[in-house]
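K.L.:
Residue 1714 is where the sequence shown ends in our numbering, and the numbering goes up by one at each step.
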Amino acid sequence: MATKLRLQRHGKKGKPFYHMVAADVRAKRDGRFIEKIGTYNPNTNPATIEIKHDRALYWLGVGAQPTDTARAILKHTGAIFHNHLLKGVAKGALTEAEATKRFEAWYNEKQGKIDSKRDAAGAQTAKEAAESLANEKKINEARKAKIANAASEMAAEAAAATAAAEAEANPVVEEAPVVEEAPATEEAPAVEEAPAAEEAPVVEEAPAAEDDNKEEKA
């Protein structure tokens, strides 16, 4: 029976993870399978890969053909390289001890690179998380300031509206200016009439100078 090593999709929309399975080539992509030999989760950084190494070697040894994606994963974990070394042992090109030693050296170097990448990714994630937290704090402070300003403006508008309503309900009547009474005009003091002038005594006319005339005639 022709067998393939391939991935079966699982997980939610937008967050998939995969099972690596050995399945009949005639089976549907996500249908029945013979054996599950590992998982692949691309949602982490770096991607999380868990493969049953001995079972992967078994299926590769019996001729199972991996799909392109499955081959890349098995190459990453060392199953493809280890299978290549075992073929060399079968041909007598090297001993099993030599094959094991070479594989362990390769695996340790590969694992060191993976660990370094994971540490770098963790540091980057921590840095991004700190920056994100700082940005979020700034945004929250700006939002609080905006809300406070809006509340202050609303309070001022409400106070102005209340004052206007009160003024409209209770209009202020301006009192007419008090007209000061003109001071009473003091009456001019009565002018006393001048006492009537006493009539001058009538001067009796002198008697005609008869004597003088008589003398002249004499």
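All C-beta atoms, glycine included, are put in the ideal place defined by N, C-alpha and C.
A quick note: this is a predicted structure, and the numbers were derived from the prediction, not measured.
By DSSP, does Tyr1554 sit in helix, in strand, or in coil?
P.N.:
For this step, residue 1554 is matched to residue 58 along the sequence shown. Tyr1554 falls in the helix class under three-state DSSP.
K.L.:
Helix, strand or coil for Arg1614? Go by DSSP, reduced to three states.
P.N.:
One-based indexing of the sequence shown puts residue 1614 at position 118. Note: Arg1614 maps to helix in three-state DSSP.
K.L.:
Comparing alpha-carbon positions, which option in Val1521, Ala1523, Phe1513 and Thr1540 lies nearest Arg1614?
P.N.:
Translated into positions along the sequence shown, residue 1614 becomes position 118. For the residues Val1521, Ala1523, Phe1513 and Thr1540, the minimum Cα distance to Arg1614 belongs to Thr1540.
K.L.:
Mind the definition here: the stretch 1592–1608 touches the stretch 1524–1541 only if three or more C-beta pairs lie below 8 angstroms; say whether that holds.
P.N.:
With a cut-off of 8 angstroms, the stretch 1524–1541 and the stretch 1592–1608 do not count as touching, because too few Cβ pairs lie within range.
K.L.:
Among Val1517, His1506 and Lys1640, whose alpha-carbon lies nearest the alpha-carbon of Ile1569?
P.N.:
Residue mapping note: residue 1569 aligns to position 73 of the sequence shown, counting from 1. Taking only the C-alpha atoms, the option nearest Ile1569 is Val1517.
K.L.:
In this structure, how does DSSP classify Ala1646 when only helix, strand and coil are distinguished?
P.N.:
The residue given as residue 1646 occupies position 150 in the sequence shown. If DSSP states are grouped into helix, strand and coil, Ala1646 belongs with the helices.
K.L.:
May I have the straight-line CA-CA distance separating Ile1610 from His1572, to the nearest angstrom?
P.N.:
Counting from one through the sequence shown, the residue named residue 1610 turns up at place 114. Counting from one through the sequence shown, the residue named residue 1572 turns up at place 76. Those two C-alpha atoms are separated by around 10 angstroms.
K.L.:
Would you kindly work out how many angstroms separate the C-alpha atoms of Lys1587 and Lys1623, rounded to a whole number?
P.N.:
The residue you call residue 1587 lines up with position 91 of the sequence shown. The residue you call residue 1623 lines up with position 127 of the sequence shown. Taking the straight line from one Cα to the other gives about 52 angstroms.
K.L.:
What did DSSP end up calling Asp1564 once you bin it into helix, strand or coil?
P.N.:
In the sequence shown, residue 1564 corresponds to position 68, counting from 1. Three-state result, Asp1564: helix.
K.L.:
Buried or exposed: where does Glu1629 fall if 16 or more other Cβ atoms within 10 Å of its Cβ makes it buried?
P.N.:
The residue you call residue 1629 lines up with position 133 of the sequence shown. Strictly speaking, residue 1629 in this sequence is Leu, with Glu absent from that position. Classification of Leu1629: exposed, given that the 10 Å Cβ count is below 16.
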